[in-house]
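Here's the structure, in structure tokens; my notes come after.
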Amino acid sequence: MVRCLFAAWVVAFGAVPVSAMDAWSSVTPGAVVLFRHALAPGGGDPAGFQLNDCATQRNLSVDGRAQALRIGEAFQRRGIEVTTVWSSQWCRTRETADLAFPAKRTDQALFNSFFNRPEREPAQTRAALDLLASWRGSGVMVVVTHQANITALTGVVPNSGEGVVIALRGRDLKVLGRITP
Numbered sequence: 006m007v008r009c010l011f012a013a014w015v016v017a018f019g020a021v022p023v024s025a026m027d028a029w030s031s032v033t034p035g036a037v038v039l040f041r042h043a044l045a046p047g048g049g050d051p052a053g054f055q056l057n058d059c060a061t062q063r064n065l066s067v068d069g070r071a072q073a074l075r076i077g078e079a080f081q082r083r084g085i086e087v088t089t090v091w092s093s094q095w096c097r098t099r100e101t102a103d104l105a106f107p108a109k110r111t112d113q114a115l116f117n118s119f120f121n122r123p124e125r126e127p128a129q130t131r132a133a134l135d136l137l138a139s140w141r142g143s144g145v146m147v148v149v150t151h152q153a154n155i156t157a158l159t160g161v162v163p164n165s166g167e168g169v170v171i172a173l174r175g176r177d178l179k180v181l182g183r184i185t186p
């Protein structure tokens, strides 16, 4: 039974998952890494949160800030040039991006969370995929977003501060692996 399930998984996804060490080797120019924001205790956002007021949102913890710094350090240590950083407009994603990749972040609303508005997921995910497919950068692109968004795009449920390395051929998205700092 287990072998049948594993075989079905391999057929469905086309490959056996690679280790984080191997996944880092796929972070080459032209690659895209979708990061879930660093540690922010809790889930979702408080009732009545406002996008332009960080005091009303779930924010990074001290450990989350340290984790965000480690993300940037992991890229530097490996000599990986990150040329483009897109972030959702939530404070925890912006802070993760700013700590990991100072002065490189651009807000991109297509990566805003739809956790509390699931009806937005299909159209927003299609638009995000179109945007990713249109990117033509010289280095690596990092997108700092939310678990729901990454899962909708890739089927992967990332941990806080975990990156999912993807390759795109047109609108065909392939998961190359998962990385942690």
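Per the numbering used here, the sequence shown starts with residue 6, numbered consecutively.
Every residue gets a Cβ at the ideal spot worked out from N, C-alpha and C, and that includes glycine.
Exposed unless 16 or more other CB atoms sit within 10 angstroms - verdict on residue i
i, result
"Val162", "exposed"
"Ser143", "exposed"
"Ala43", "buried"
"Asn117", "buried"
"Arg125", "exposed"
"Ala157", "buried"
"Ser92", "buried"
"Lys179", "exposed"
"Arg8", "Unreliable positioning characterises Arg8 in this predicted model, as indicated by a pLDDT of 36, which lies under 50. The coordinate reading is nonetheless provided below. Exposed: under 16 other Cβ atoms inside 10 Å."
"Ser165", "buried"
"Asn154", "buried"
"Arg183", "buried"
"Arg83", "exposed"
"Ala73", "buried"
"Pro107", "exposed"
When the options are compared against residue i, the one with the closest alpha-carbon
i, options, result
"Asp68", "Ala45, Pro51 and Thr98", "Ala45"
"Gly47", "Pro34, Arg70 and Leu65", "Leu65"
"Trp140", "Gly175, Ser30 and Pro186", "Gly175"
"Thr88", "Lys109, Ala60 and Ile155", "Lys109"
"Cys96", "Ile171, Pro186, Thr159 and His151", "His151"
"Cys59", "Glu86, Val38, Gln129 and Thr98", "Thr98"
"Thr33", "Asp135, Glu86 and Leu115", "Glu86"
"Gly49", "Asn121, Pro186 and Ala138", "Asn121"
"Gln94", "Gly160, Thr111 and Ala105", "Thr111"
N-terminal and C-terminal residue of the alpha helix (DSSP H) that residue i is part of
i, result
"Thr61", "Per DSSP, Thr61 belongs to no alpha helix (DSSP H) and is neither H nor E."
"Arg99", "Cys96 to Ala105"
Cα-Cα separation between residue i and residue j, rounded to whole angstroms
i, j, result
"Arg75", "Glu167", "11 Å"
"Asp103", "Val90", "9 Å"
"Gln81", "Ala28", "16 Å"
"Val149", "Glu78", "16 Å"
"Val145", "Leu56", "28 Å"
"Val21", "Ala52", "Because the pLDDT of Val21 is 40, which lies under 50, any placement of that residue in the model is unreliable, and the number read from its coordinates should be weighed accordingly. If you take the alpha carbons of Val21 and Ala52, they lie about 40 Å apart."
"Ser31", "Ala132", "25 Å"
"Ser35", "Leu173", "Checking the sequence shown, residue 35 turns out to be Gly, not Ser. Approximately 9 Å between the Cα atoms of the pair."
"Gln62", "Val147", "23 Å"
"Thr130", "Ala71", "30 Å"
"Val37", "Asp177", "13 Å"
"Ala105", "Ile171", "19 Å"
"Met6", "Phe119", "For Met6, the pLDDT reaches just 39, beneath the cut-off of 50, and the residue's location in the model is therefore unreliable, although a value from the coordinates is still provided. Cα to Cα, the separation comes out at about 36 Å."
In DSSP terms, what residue i is bridged to
i, result
"Gly47", "Gly47 is not bridged to any residue."
"Leu136", "Answer is none; Leu136 lacks a bridge partner."
"Phe40", "Val149 and Gly168"
"Ile155", "Per DSSP, none; premise fails for Ile155."
"Asp177", "Arg174"
"Asp112", "Ser92"
Element boundaries [beta strand (DSSP E), containing residue i]
i, result
"Ile171", "Gly168 to Arg174"
"Ser92", "Val87 to Ser92"
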